[in-house]
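Chemist:
There are 2 protein chains.
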Amino acid sequence: MLNKEITIKTIYQKIQDNDLQDLHNREIVLKGFVRNNRCLGQVGFLSVNDGSCFLNAQVVYKVKDEKITSIRLGSTVIVKGRINLTIGGYQPFEIESEEVILVSQTNENYPLQKKKTSFDFLRTIPTLRMKTNTFNAVFRVRDSLSYNIHRYFHENGYVWIHTPIITANDCEGEGQTFQVVADSKHPEEYFNKDNVHLTVSGQLHVEPFALTYQRVYTFGPTFRAEKSNTTRHAAEFWMIEPEVAWCDMEGIMDIEEDFLKFVVREVRKECPQDFEFFYQRVDKDLKKRLDDFENKKFARVKYSDAINILKEAKKTHKFEVDDIEFGLDLGSEHERYLTEEVFKGPIFLTDYPKDIKAFYMKMNDDNKTVRGVDLLVPTIGELCGGSEREDSYDKLLGRMNELKMNIPAYEWYLDLRKNGSAPHSGFGLGFERMMMLLTGMTNIRDTLPYPRCYKDMLY
Amino acid sequence: MLNKEITIKTIYQKIQDNDLQDLHNREIVLKGFVRNNRCLGQVGFLSVNDGSCFLNAQVVYKVKDEKITSIRLGSTVIVKGRINLTIGGYQPFEIESEEVILVSQTNENYPLQKKKTSFDFLRTIPTLRMKTNTFNAVFRVRDSLSYNIHRYFHENGYVWIHTPIITANDCEGEGQTFQVVADSKHPEEYFNKDNVHLTVSGQLHVEPFALTYQRVYTFGPTFRAEKSNTTRHAAEFWMIEPEVAWCDMEGIMDIEEDFLKFVVREVRKECPQDFEFFYQRVDKDLKKRLDDFENKKFARVKYSDAINILKEAKKTHKFEVDDIEFGLDLGSEHERYLTEEVFKGPIFLTDYPKDIKAFYMKMNDDNKTVRGVDLLVPTIGELCGGSEREDSYDKLLGRMNELKMNIPAYEWYLDLRKNGSAPHSGFGLGFERMMMLLTGMTNIRDTLPYPRCYKDMLY
Chain A
1 MLNKEITIKT IYQKIQDNDL QDLHNREIVL KGFVRNNRCL GQVGFLSVND GSCFLNAQVV
61 YKVKDEKITS IRLGSTVIVK GRINLTIGGY QPFEIESEEV ILVSQTNENY PLQKKKTSFD
121 FLRTIPTLRM KTNTFNAVFR VRDSLSYNIH RYFHENGYVW IHTPIITAND CEGEGQTFQV
181 VADSKHPEEY FNKDNVHLTV SGQLHVEPFA LTYQRVYTFG PTFRAEKSNT TRHAAEFWMI
241 EPEVAWCDME GIMDIEEDFL KFVVREVRKE CPQDFEFFYQ RVDKDLKKRL DDFENKKFAR
301 VKYSDAINIL KEAKKTHKFE VDDIEFGLDL GSEHERYLTE EVFKGPIFLT DYPKDIKAFY
361 MKMNDDNKTV RGVDLLVPTI GELCGGSERE DSYDKLLGRM NELKMNIPAY EWYLDLRKNG
421 SAPHSGFGLG FERMMMLLTG MTNIRDTLPY PRCYKDMLY
Chain B
1001 MLNKEITIKT IYQKIQDNDL QDLHNREIVL KGFVRNNRCL GQVGFLSVND GSCFLNAQVV
1061 YKVKDEKITS IRLGSTVIVK GRINLTIGGY QPFEIESEEV ILVSQTNENY PLQKKKTSFD
1121 FLRTIPTLRM KTNTFNAVFR VRDSLSYNIH RYFHENGYVW IHTPIITAND CEGEGQTFQV
1181 VADSKHPEEY FNKDNVHLTV SGQLHVEPFA LTYQRVYTFG PTFRAEKSNT TRHAAEFWMI
1241 EPEVAWCDME GIMDIEEDFL KFVVREVRKE CPQDFEFFYQ RVDKDLKKRL DDFENKKFAR
1301 VKYSDAINIL KEAKKTHKFE VDDIEFGLDL GSEHERYLTE EVFKGPIFLT DYPKDIKAFY
1361 MKMNDDNKTV RGVDLLVPTI GELCGGSERE DSYDKLLGRM NELKMNIPAY EWYLDLRKNG
1421 SAPHSGFGLG FERMMMLLTG MTNIRDTLPY PRCYKDMLY
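Which chain is which? The protein sequence lines are A and B, in order.
Per this note's numbering: the first sequence ends with 459, consecutive numbering throughout.
Per this note's numbering: the second sequence ends with 1459, consecutive numbering throughout.
(1) So what's B/W1412 in DSSP terms, helix, strand or just coil?
(2) Anyone know if the C-beta pair for B/I1015 and B/F1093 falls short of 8 Å?
(3) Cβ atoms of A/R72 and A/E27: under 8 Å apart, would you say?
(4) Using DSSP bridges, identify the partner residues of B/K1031.
(5) Let me confirm a value: A/C53 is counted as buried when at least 16 other C-beta atoms fall within 10 Å, else exposed. Which label applies?
(6) Who are the neighbours of B/D1143 on chain A, taking C-beta pairs under 7 Å?
(7) Note down the Cα distance separating B/Y980 from A/L328, rounded to an integer number of angstroms.
(8) Note down, in chain order, each residue of its chain lying with its Cβ closer than 8 Å to the Cβ of B/T1177, except the 5 sequence neighbours on either side.
(9) Might you give, ordered along the chain, the residues of its own chain that have their beta carbon closer than 7 Å to the beta carbon of B/K1131, omitting 5 neighbours on each side?
(10) Measuring straight from C-alpha to C-alpha, what distance separates B/G1220 and B/T1442?
(11) Just how far apart, CA to CA, sit B/L1030 and B/V1103?
(12) Can you look up B/M1249 in the DSSP assignment and give me helix, strand or coil?
(13) Note down, in chain order, all residues in the segment 1123-1141 of chain B with a beta-carbon under 8 Å from any beta-carbon belonging to chain A.
(14) Name the chain A residues whose beta carbon is nearer than 7 Å to that of B/Q1179?
(15) When the Cβ atoms of the segment 416-426 of chain A are set against those of the segment 210-219 of chain A, are three or more pairs found closer than 8 Å?
(16) Closer than 8 Å by C-beta to A/G428: which residues in its own chain qualify, once you throw out the five before and the five after it? Chain order, please.
(17) Which residues, taken in chain order from the segment 1416-1439 of chain B, show a beta carbon closer than 7 Å to some beta carbon of chain A?
(18) With burial defined as no fewer than 16 other Cβ atoms inside 10 Å of the residue's Cβ, what is the status of A/C247: buried or exposed?
(19) With DSSP as the reference, label A/T369 as helix, strand or coil.
(20) Here's the rule I'm using: 16 or more other beta-carbon atoms within 10 Å means buried, otherwise exposed. How should A/L396 be labelled?
(21) What do you get for B/V1206, buried or exposed, if any count of 16 or more other CB atoms within 10 angstroms of its CB means buried?
(22) Looking at the structure shown, is B/A1234 part of a helix, part of a strand, or coil, going by DSSP?
(23) Looking at B/Y1110 and B/W1160, is the spacing between their C-beta atoms short of 8 Å?
(24) Taking the alpha helix (DSSP H) that B/E1207 belongs to, which residues open and close that run?
(25) Classify B/H1154 as helix, strand or coil using the three-state DSSP reduction.
(26) Say whether chain B places a C-beta atom closer than 8 Å to the C-beta of A/L260.
(27) Out of B/D1050, B/M1457, B/F1343, B/P1164, point me to the one whose CA is closest to A/Y459's CA.
(28) To which residues does DSSP link B/C1039 through a beta bridge?
(29) Should A/C39 go down as buried or exposed, given a rule of 16 or more other Cβ atoms within 10 Å for buried?
(30) Could you give the residue range of the alpha helix (DSSP H) that holds A/G398?
(31) So what's A/I165 in DSSP terms, helix, strand or just coil?
(32) Could you say which of A/E320, A/I149, A/D305 lies nearest to A/V263 if we only look at CA atoms?
(33) Please list, in chain order, the chain A residues whose beta carbon lies closer than 9 Å to that of B/S1052.
(34) Give me the chain B residues within the contact set of A/V321, using Cβ-Cβ distance strictly less than 9 Å, ordered along the chain.
(35) Using DSSP's beta-bridge definition, name the partner residues of A/S387.
(36) If we count the other Cβ atoms within 10 Å of its Cβ and call it buried at 16 or more, is B/E1320 buried or exposed?
What follows is the structure, encoded as structure tokens:
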């Protein structure tokens, strides 16, 4: 094993690099599953995918062999043969088979057939849908995105902190949580605490680490128990939350833009075959949108200016919620109008009214707005939310009292503003939102290997 | 921001590379927290850590300034000054300060003082302990280990699959689980299922992906609600679970050994200052143990042979459990005796009796033992557990019936052996066990940023 056998990915790579000398007529043992099997006169063609990349290898065999012609889609095979370079042809190489071993035949009602199946149906078979073109590409891109997120932070000196999943920390204003109990008759017994639940964000837990390592981030699962059934919400999703000391709101926008452009660029570079498929079959506008994302400078707009733009816009555009005044918590329709129609690209919206943002955001001198910043992008709306954090103990305590929060539960967090504090800022990125942006998939369930949503979970 | 300012890490790196020309007399703005402040006659010395690496910068200042001499440990400062190279001296450079700005003074009863504090005490202040030498190094190594695990798999063509945290899958034999409920009055309402709990392993969920991508892995949090309070168990911990198609038990041992040696080597290379500290202050034998781990070939021993060795050993060695016969589920004392006393290094123990191993392991022809393999290492005992998976539908079903398992709940898993199956193998590595191996820390709580254990959780 250990990667020593040649893979389909390596063959395509060598052809692209014009590194052909040891390729032609090379012996190969190919193990994979069958994507297609058809005969033309005396020869048959098996499309075999070995999992190393999106594209298949075409295996040529003689049709005399009944055992091979009857191999069904999805079956697994071992092919022994030789590589035949056919550069300039419909595909740049084939495999001339010497032997095809059928390892596991699928049964006749195997659900993935050549006819097109709906995403809704495929969601009912999460153990098979990754064998279709679309989901094969989606989960490969998911891997590449995950890795390149880690790569960006690692190469830029950030420390990954595994903030806890189970927490007893209060998280007011963050919506419904899932309770965690070892024994339902004595829910507080296991941890000696009541109100133990699944995390909704690692931010508060990661902040102390930023005050030591300066640049830190989290990347882990987060949970919301909201009873909403939309294409954009899941009960379990992954979040990335960088936190940077000695950094203000302007600085965190610089980082956010640099980071997002890096990952979009690197993932596209790493998965070219998958993106070709998305451009052609999933979303015709995707390529242009991603090009713009990589190349255009993100606009920076104050919330109050955005309100004025929307007020003006409603003279000619119909909004569902059209009571547009300072203080409005913008809906998806407003966000998308701004990013899609007005700025035609990603925008940072800054300096929101304090009443619609979290307690920890740094107050501006006007005492009305906070140093919070959302990143809005076409087709998605809000992609990231971030802020400079309030670093004054007195101001933070004052704001928490105004909001009638449970101060003792937050004492550890408040104390960070006393003992060797520093200004700091951070943001949160919903991983699956980023997946939707990258792939053009429009339902969050189709970016998750096993989606967990309201009334909707398998295994 | 964006990494453009020079860090302490970069200075040490440049000195090590003998890349000195733009270093001497270079202007620097250093932001960090104070680890020490002392005066000697007319000059004072501040040790400042900027979070970029384990080592501090020594800042030299004139003691005339009362404001600087009174800066307490843990306070944050901004130092403006110039780098003064002192190669060959006690440290290779100092910073001659022009200005020291006190950003946040710690209060007088700040808990981290120069005197030595116990790990037990430090566990009560998880928001501060990473500012001590030990934990500063531990969490930096944790980051490096995480990254290099991803790096190994990525560079070897594995696809990272985010298996679900919340699951309704049965997991018999894996001990107690935490229930997840959105509403304790109607626990089954949210997902339309009862028995919704936190995952104990991603293995079953990742197997279907191995049958498509061939090489896959999980890396995420896992949970056990066992009511045990030991130094080796946590209720929440992270696991790595690679799964490889077309791979047998021998193959998975090859991968395991290659993988573990890679990460040990790369993490030590990436964090030399931190390991120097562990060698000197945490565990005097650590360096030799890690050298051996990297360089020695891991022994491969059959369980039945190990039993014979232990039977022989008990003539001269006292075991707590000394009823040593084929069928015994080895305890930590037996495992450690084998790896520490007999083989003096890591060993793979293979071909366990079926009755002490999980239902999914491939049966040997003797119908008595399975193709399961545990990796045992000195000081830790079991580090990884893995196996070749049973790929025969009939044998797997037979074994599950023998164990009186709830077959309908596993139908999706059984079906993987029917429709385009392939032989496959995998293993699981407890991330925190690996941390203990690497750092010499002996309590799992001291490898986790916010440990969650029985009766033991903060925030």
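All C-beta atoms in this analysis are idealised placements derived from N, C-alpha and C, irrespective of residue type, glycine included.
None of the values given here were measured: they were computed from a predicted structure.
Modeler: In terms of the structure at hand:
(1) Along the second sequence, read from residue 1 onward, the residue named residue 1412 of chain B stands at position 412. Collapsing the DSSP output to three states places B/W1412 in a helix.
(2) Taking the first residue of the second sequence as position 1, residue 1015 of chain B is located at position 15. Taking the first residue of the second sequence as position 1, residue 1093 of chain B is located at position 93. Yes, the pair counts as a contact, with Cβ atoms nearer than the cut-off.
(3) Numbered from its first residue, the first sequence carries residue 27 of chain A at position 27. Numbered from its first residue, the first sequence carries residue 72 of chain A at position 72. No, the pair does not count as a contact, with Cβ atoms beyond the cut-off.
(4) Here residue 1031 of chain B is taken as the residue at index 31 of the second sequence, counted from 1. Looking at the DSSP output, B/K1031 bridges to B/I1078.
(5) Translated into the one-based positions of the first sequence, residue 53 of chain A becomes position 53. Buried, since its Cβ has 16 or more Cβ neighbours within 10 Å.
(6) The residue labelled residue 1143 of chain B in the question sits at position 143 within the second sequence. What B/D1143 touches in chain A: V159, W160.
(7) Only positions 1001 to 1459 of chain B appear in the structure, and residue 980 of chain B is not among them; the question remains open.
(8) Stepping through the second sequence from its first residue, residue 1177 of chain B is reached at position 177. Excluding sequence neighbours, B/T1177 sits near C1171, H1197, L1198, V1200, F1223, R1224, A1225.
(9) Within the second sequence, the letter at position 131 stands for residue 1131 of chain B. In its chain, beyond the 5 residues on either side, F1033, G1074, L1112 have a beta carbon closer than 7 Å to the beta carbon of B/K1131.
(10) To locate residue 1220 of chain B, count along the second sequence from 1; it is residue 220. To locate residue 1442 of chain B, count along the second sequence from 1; it is residue 442. One Cα belongs to B/G1220, the other to B/T1442, and the distance between them is close to 22 Å.
(11) Position 30 of the second sequence, counted from the first residue, corresponds to residue 1030 of chain B. Position 103 of the second sequence, counted from the first residue, corresponds to residue 1103 of chain B. Pairing B/L1030 with B/V1103, the inter-Cα distance amounts to about 12 Å.
(12) What you label residue 1249 of chain B is simply residue 249 of the second sequence in a count that begins at 1. Three-state result, B/M1249: helix.
(13) So the list reads P1126, T1127, L1128, M1130, K1131, N1136, F1139, R1140, given in the order they occur along the chain.
(14) Position 179 of the second sequence, counted from the first residue, corresponds to residue 1179 of chain B. In chain order: V181, S184.
(15) When Cβ pairs closer than 8 Å are counted between the two stretches, the segment 416-426 of chain A is seen to touch the segment 210-219 of chain A, the count reaching three or more.
(16) As a first step, residue 428 of chain A must be located in the first sequence, where it is residue number 428. Result list for A/G428: S201, Q203, M239, I240, E241, C384, G385, G386, in chain order.
(17) Per Cβ criterion, the list reads L1416, K1418, N1419, G1420, S1421, A1422.
(18) The residue given as residue 247 of chain A occupies position 247 in the first sequence. Burial is judged here by how many other beta carbons sit within 10 angstroms of a residue's own beta carbon; A/C247 has at least 16 and is buried.
(19) On the first sequence, position 369 is the one that residue 369 of chain A refers to. In this structure, A/T369 counts as strand in the three-state DSSP scheme.
(20) For the purposes of this step, residue 396 of chain A is taken as residue 396 along the first sequence, with counting starting at 1. Residue burial is scored here from C-beta neighbours: A/L396 has at least 16 other C-beta atoms within 10 angstroms and is therefore classed as buried.
(21) Translated into positions along the second sequence, residue 1206 of chain B becomes position 206. Its Cβ being crowded by 16 or more others within 10 Å, B/V1206 is buried.
(22) Counting from 1 along the second sequence, the entry for residue 1234 of chain B is found at position 234. Reduced to three states, the DSSP call for B/A1234 is coil.
(23) Along the second sequence, one-based indexing puts residue 1160 of chain B at 160. Along the second sequence, one-based indexing puts residue 1110 of chain B at 110. Contact: no.
(24) As a first step, residue 1207 of chain B is located in the second sequence; it is residue number 207 there, counting from the start. Counting along the chain, B/E1207 sits inside the alpha helix (DSSP H) bounded by residues 1203-1213.
(25) Counted from its first residue, the second sequence places residue 1154 of chain B at position 154. Helix.
(26) Within the first sequence, the letter at position 260 stands for residue 260 of chain A. Interface residue (Cβ-Cβ distance to chain B less than 8 Å): A/L260 is not classified as such.
(27) As a first step, residue 459 of chain A is located in the first sequence; it is residue number 459 there, counting from the start. A/Y459 has its Cα closest to that of B/P1164, out of B/D1050, B/M1457, B/F1343, B/P1164.
(28) The sequence position of residue 1039 of chain B within the second sequence is 39, counting from 1. Within the DSSP secondary-structure output, B/C1039 pairs in a beta bridge with B/G1044.
(29) Taking the first sequence and counting its residues from 1, the one referred to as residue 39 of chain A is at position 39. Classification for A/C39: exposed.
(30) The residue labelled residue 398 of chain A in the question sits at position 398 within the first sequence. Per DSSP, A/G398 is one residue of the alpha helix (DSSP H) stretching across 393-402.
(31) Here the question's residue 165 of chain A lines up with position 165 in the first sequence. Coil.
(32) Within the first sequence, the letter at position 263 stands for residue 263 of chain A. Taking the Cα of A/V263 as reference, the smallest distance to any Cα among A/E320, A/I149, A/D305 is reached at A/I149.
(33) Stepping through the second sequence from its first residue, residue 1052 of chain B is reached at position 52. Residues of chain A with a Cβ closer than 9 Å to the Cβ of B/S1052 are, in chain order, G157, Y213, Q214, R215.
(34) Mapped onto the first sequence, residue 321 of chain A falls at position 321. The contacting residues do not exist; A/V321 stays about 28 Å from chain B at best.
(35) Position 387 of the first sequence, counted from the start, is the residue given in the question as residue 387 of chain A. Beta-bridge analysis with DSSP links A/S387 to A/G372, A/G426.
(36) Within the second sequence, residue 1320 of chain B is the residue found at index 320, counting from 1. Exposed, since its Cβ has fewer than 16 Cβ neighbours within 10 Å.
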